[in-house]
Amino acid sequence: MEIWINPACSKCRGALHLLDEEGAEYTVRRYLEDVPSPEEIRAVLDRLGLEPWEITRTQEADAKELGLKDWPRDAAARDRWITALAGHPKLIQRPIITAEDGTAVVARTDEAVREAMGR
């Protein structure tokens, strides 16, 4: 299991605390320092079963600067969104846990963290 985190994020710290409390084995990826490639983002999106705009933090300054709220949310625009996430990793929703069964969850709640541990 791998968890993508921003150490400054309280949701990420909470997820790590719960993983530790439950004795889970995991690897931490500080995705602002170890930025995922577009291919890695595509793979995580496939595991999540989501589109890039569904994991984008649209209230971030970078999102506003890029004008993301006006970008189309369709198959033709998918690569544009993925490129934006790779170029501005702060826009990626966090934390994301990739589970052992090949799926992933956006683990913003204790329930989602437990779901990932159970997979």
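When the letters of the sequence shown are read in order and numbered with the working numbering, they come out as residues 318 to 436. Here a beta-carbon is modelled for each residue, glycine too, at the ideal position from N, C-alpha and C. Just so it is clear, the structure is predicted and the values come from calculations on it, not from any experiment.
Under DSSP, residue 421 forms a beta bridge with 415. Shown here, residue 357 sits in a helix according to DSSP, grouped into three states. Rounded to whole angstroms, the gap between the alpha carbons of residue 390 and residue 318 is 30 Å. For the pair residue 388 and residue 404, the Cα-to-Cα distance works out to about 16 Å. The straight-line gap separating the alpha-carbon atoms of residue 350 and residue 344 is approximately 15 Å.
Our two residues, residue 420 and residue 332, have alpha carbons roughly 17 Å apart in a direct line.
When the beta-carbon positions are compared, residue 413 and residue 352 stay at least 9 Å from each other. In the three-state reduction of the DSSP assignment, residue 347 falls in the strand class, which pools E and B.
Looking from the CA of residue 435, the closest CA among 327, 341 and 325 belongs to 341. At a Cβ-Cβ threshold of 9 Å, residue 424 and residue 320 count as neighbours.
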